[in-house]
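**Q**
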Amino acid sequence: MTQPLDPQNRKFATKLIHFGSEIDETTGASSVPIYQASTFHHHDIFNPPTHDYSRSGNPTRQALEDYIALLEGGAKGYAFPSGMSAISTAFLLFSAGDHVIVTEDVYGGTYRFLTTILSRMNIETTFVDMTDLDQVKSALQANTKGIFMETPSNPTLKITDIAAVASWAKEHGLLTMLDNTFMTPYHQRPIELGVDLVLHSATKFLGGHSDVLAGLAVTATEELGRQVKYLQNGMGSVLSTQESWLLMRGMKTLEARMAHSEKSAIQLAKWLEQEPSISKVYYPGLENHPGREIHEKQSAGYGAVVSFDVGSGERAKKVLNKVKYPLVAVSLGAVESILSYPAMMSHASMPREVRLEKGITDGLLRYSVGLEHIEDLIADLANALQED
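Counting along the sequence shown from 1, when you hit position 124 you're at 124 in our numbering, and nothing is skipped either side.
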């Protein structure tokens with residue numbers, strides 16, 4: 001008798017469509033039902049149902065949480081109302097007096113949370129250049145409890161050797177967390193490299209359509225999952241059923257979208273590299289990227305985000321005002337291309353002197369390549385870069 005295929009052994013594209021809840025068992029519906037309910041009837045008070053109150057668990061959200069756990073190869077998944085909600089909840093695994101080592105050019109919202117909110121709880125942070133393992137090791141203190149990685153980093157796309165950092169962290173009993181928003185599990189699965197907790201702003205590539213705000217977390221173990229669940233339930237930080245359904249719908253096309261966008265992103269990066277008016281291009285798929293070799297070791301692709309420096313803040317603003325195709329907006333990872341200005345958008349909360357020290361200059365732009373034809377995108381950008 002033929003045995004059913006182990007879900008973890010399916011190819012990624014198959015997992016995206018056949019994730020365990022793709023067909024409703026009761027009705028045969030081809031979509032997970034939206035259980036728009038706040039509470040659930042107890043048919044037998046002595047045998048409570050699986051779900052009793054939607055803050056603690058909802059069937060629609062549960063389907064999403066099982067979905068992302070499958071894709072990341074983790075034990076448990078959790079869905080939050082935003083990426084920052086997932087990240088801030090994860091950091092509450094630490095206690096007053098603890099110390100955490102963090103990627104230096106981390107997302108601006110994460111930087112703001114660590115320096116202005118978590119610091120008030122007496123949880124200390126040291127930001128280091130995680131491309132250098134020695135710097136990570138030198139940041140270790142007696143009260144260090146964890147490491148937070150972002151690779152590729154936002155927006156300068158620096159690469160951290162995930163396996164090397166995770167291995168060293170385990171030697172010292174440190175909890176490792178990684179923001180996998182840029183790569184998604186399609187390209188990069190940190191748990192397989194030794195990371196304890198993976199985080200996503202699912203608003204970006206996982207959702208993919210600029211219509212849902214969501215965050216996801218996946219734990220490597222059941223025990224860590226129970227700790228995250230306790231925090232999520234205690235704070236009521238849960239994703240609604242409508243957003244859970246929208247996110248699952250978007251995730252089904254993740255591979256097709258990412259593959260197309262990455263192909264275009266490589267072309268855009270190579271074109272920018274030859275453009276004389278561009279002072280620097282950041283993209284791990286370029287041959288001269290200092291972290292390319294490590295990135296290729298731990299990721300199946302280069303992603304769809306290209307950052308580049310046009311030389312000055314004045315010129316950056318001119319380009320932003322002249323482009324026609326990409327949205328000029330906060331966020332990334334959508335079907336439409338999005339051009340962002342980190343200095344005034346994603347990293348506006350970072351003090352200018354700190355931002356410049358991390359390489360986030362006034363002339364830096366971040367281009368999230370969508371599904372438009374790349375020739376149109378390049379022609380549009382070329383026109384915007386022309387000096388008047």
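Just so it is clear, CB atoms sit at the ideal spot from N, CA and C, and this is done for glycine as well.
When you compare only the Cα positions, how much space is there between Ala281 and Asp309?
**A** It is worth fixing the name first, because residue 281 is Val in this sequence and not Ala. Looking at the two C-alpha atoms, the distance is approximately 7 Å.
**Q** Out of Ser153, Gly194, His99, Gln8, which one is the CA nearest neighbour of Lys170?
**A** Residue Gly194 is the option with its Cα nearest to Lys170.
**Q** Return the CA-CA distance between Ile17 and Arg10, expressed in angstroms with no decimal places.
**A** Rounded to the nearest angstrom, the two C-alpha atoms are 11 Å apart.
**Q** Taking only runs of the alpha helix (DSSP H) that begin and end inside the stretch 84-153, which ones reach a length of at least 4 residues, in chain order?
**A** Whole alpha helix (DSSP H) segments, 4+ residues: 108-112, 133-138.
**Q** Does DSSP put Ile294 in a helix, in a strand, or in coil?
**A** Three-state DSSP puts Ile294 in a helix.
**Q** Would you call Gly20 buried or exposed, if buried means 16 or more other Cβ atoms sit within 10 Å of its Cβ?
**A** Label assigned to Gly20: exposed.
**Q** Hey, out of Pro284, Ile378, Lys297, Met344, whose CA is closest to Gly313's CA?
**A** When only C-alpha atoms are compared, the closest one is Met344.
**Q** Who pairs with Arg346 in a beta bridge, going by DSSP?
**A** A small fix is needed here, since residue 346 is Ser in this sequence, not Arg. DSSP lists no partner for Ser346.
**Q** Taking Cβ to Cβ, would you say Ser54 is nearer than 8 Å to Ser38?
**A** Yes; because the gap between Cβ atoms is below 8 Å, this pair is in contact.
**Q** Using only the alpha-carbon positions, how far apart do Gly233 and Gly225 sit?
**A** In the sequence as presented, Gly is not what sits at residue 233; that position holds Asn. When rounded, the distance between both Cα atoms is 12 Å.
**Q** For Leu269 and Ile374, what's the separation of their Cα atoms in angstroms?
**A** For the record, residue 269 in the displayed sequence is Ala; it is not Leu. Each residue's alpha carbon lies about 11 Å from the other.
**Q** For Thr2, which residues of its own chain have a beta-carbon under 8 Å away from its beta-carbon, when the five flanking residues on both sides are left out?
**A** Model confidence at Thr2 stands at a pLDDT of 49, short of 50, so the residue's coordinates are unreliable and nothing is read from them.
**Q** Let me confirm a value: Asn321 is counted as buried when at least 16 other C-beta atoms fall within 10 Å, else exposed. Which label applies?
**A** It counts as exposed.
**Q** Asp309 lies in the alpha helix (DSSP H); which residues open and close that run?
**A** Element bounds for Asp309: not the alpha helix (DSSP H) but the beta strand (DSSP E), 305-309.
**Q** Please state the DSSP three-state secondary structure of Thr27.
**A** Reduced to three states, the DSSP call for Thr27 is coil.
**Q** Could you pull out every residue in the same chain whose Cβ sits closer than 6 Å to the Cβ of Gln267, ignoring the five residues on either side in sequence?
**A** Within the same chain, Gln267 has close Cβ partners Ile374.
**Q** Do Pro190 and Ile162 have their C-beta atoms closer together than 8 Å?
**A** Result yes, Cβ atoms of Pro190 and Ile162 sit closer than 8 Å.
**Q** Since Arg257 is in the alpha helix (DSSP H), which residue starts that stretch and which ends it?
**A** 254-274 is the span of the alpha helix (DSSP H), which, as asked, contains Arg257.
**Q** Three or more C-beta pairs under 8 Å: does that hold for the stretch 175-182 against the stretch 131-149?
**A** Yes: the two stretches touch, three or more of their Cβ pairs being nearer than 8 Å.
**Q** Secondary structure at Val369, three-state DSSP: helix, strand or coil?
**A** Coil, per DSSP.
**Q** Pick from Gln141, Ser88, Ser95: whose alpha carbon is nearest that of Ile101?
**A** Among Gln141, Ser88, Ser95, the Cα nearest to that of Ile101 is on Gln141.
**Q** Leaving out the 5 sequence neighbours to the left and right, which residues in its chain are closer than 6 Å to Phe205 when beta-carbon positions are compared?
**A** If we look at Phe205 and ignore the five residues flanking it on each side, its Cβ neighbours are Thr184, Gly333.
**Q** Give the C-beta separation of Leu64 and Leu231 to the nearest angstrom, bearing in mind that I take them to be a contact with Cβ-Cβ under 8 Å.
**A** Going by Cβ atoms, the distance from Leu64 to Leu231 rounds to 18 Å, so no, they are not a contact pair.
**Q** Select from Asp52, Ala304, Asn122, Pro48 the residue whose C-alpha is nearest the C-alpha of Ser264.
**A** Among Asp52, Ala304, Asn122, Pro48, the Cα nearest to that of Ser264 is on Ala304.
**Q** From the DSSP output, which residues share a beta bridge with His200?
**A** DSSP lists Leu216 as partners of His200.
**Q** Kindly identify the DSSP beta-bridge partner or partners of Thr39.
**A** In the DSSP output, where bridge partners are listed per residue, Thr39 has Tyr53.
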